[in-house]
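Worksheet: one structure, shown below.
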Amino acid sequence: MCTNEYRDKSKQYYFANGGTEEMALFEPTEYFNVNIKDKPPKHIRGIVCDVKNCVYHDGDNFCTANRISIGPSYATSSRDTLCATFRQRTL
Numbered sequence: 004m005c006t007n008e009y010r011d012k013s014k015q016y017y018f019a020n021g022g023t024e025e026m027a028l029f030e031p032t033e034y035f036n037v038n039i040k041d042k043p044p045k046h047i048r049g050i051v052c053d054v055k056n057c058v059y060h061d062g063d064n065f066c067t068a069n070r071i072s073i074g075p076s077y078a079t080s081s082r083d084t085l086c087a088t089f090r091q092r093t094l
């Protein structure tokens, strides 16, 4: 969940219909009070990822990205959601 403390208006996405949606942004430094100077965790606790062809997939079921962006906010099922952080792993 994004609280007002962590909201950043630069994280809004603009759509052709003129509306804007704020995508959920999860950052380990915010969620777990990790000092930005400290080494970030190996993976984001509580986030499970099954996309094995993503460069951030750790080989088990965890995401190793520094942060992830999930949306859009109008999704009504998991099929409607997108991970904007996904980057395809090259073989």
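Sequential numbering of the sequence shown, starting at 4, is according to our numbering.
All C-beta atoms in this analysis are idealised placements derived from N, C-alpha and C, irrespective of residue type, glycine included.
Around the beta carbon of Y77, fewer than 16 other beta carbons lie within 10 angstroms, which makes this residue exposed. With respect to V58, R92 sits close: the two C-beta atoms are nearer than 8 Å. Residue pairing by DSSP puts F65 in a beta bridge opposite V51. Around the beta carbon of A68, a 10 Å sphere encloses 16 or more other beta carbons of the protein chains shown; the residue is thus reported as buried.
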